[in-house]
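Trainee: Mind looking over this structure? Questions follow.
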Amino acid sequence: MKNMIEQRRRERGMTQQQLAAALGVSRQTIISLEGGRYNPSLLLAHAIARLFGAQIEEIFLFEEDDK
Numbered sequence: 210m211k212n213m214i215e216q217r218r219r220e221r222g223m224t225q226q227q228l229a230a231a232l233g234v235s236r237q238t239i240i241s242l243e244g245g246r247y248n249p250s251l252l253l254a255h256a257i258a259r260l261f262g263a264q265i266e267e268i269f270l271f272e273e274d275d276k
């Protein structure tokens, strides 16, 4: 699953640490999310989308091959 987290974070001028603090997760979690190595829980995905004022589908790009 691809995502737009890094792009949205940079548009807001946020560091990975600031985003992590806003979401209540570690910076390592943000690094893993941005690198596509970690798929968030539904609750975390919702929190990320809400923080960026977007729908989950605007942040997380699901592809047919994602299983």
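For the sequence shown, counting from 1, position 12 maps to 221 in the working numbering; every step adds exactly one. Where a beta carbon is used, it is the ideal one built from N, C-alpha and C, also for glycine. Every value quoted in this text rests on a predicted model; they were computed, and no experiment measured them.
Quick one: give me the first and last residue of the alpha helix (DSSP H) that Ser-241 is part of.
Mentor: 236-243
Trainee: Using the Cβ count rule (16 or more neighbours within 10 Å means buried), how would you classify Arg-218?
Mentor: buried
Trainee: Rank Val-234, Ser-241, Ile-240 and Gly-245 by C-alpha distance to the C-alpha of Ala-256 and give the top, closest one.
Mentor: Val-234
Trainee: Return the CA-CA distance between Leu-228 and Phe-271, expressed in angstroms with no decimal places.
Mentor: Answer to the nearest angstrom: the Cα atoms are 22 Å apart.
Trainee: Skipping 5 residues on each side, what residues in its chain have a beta carbon closer than 8 Å to that of Gln-264?
Mentor: Within the same chain, Gln-264 has close Cβ partners Ala-258.
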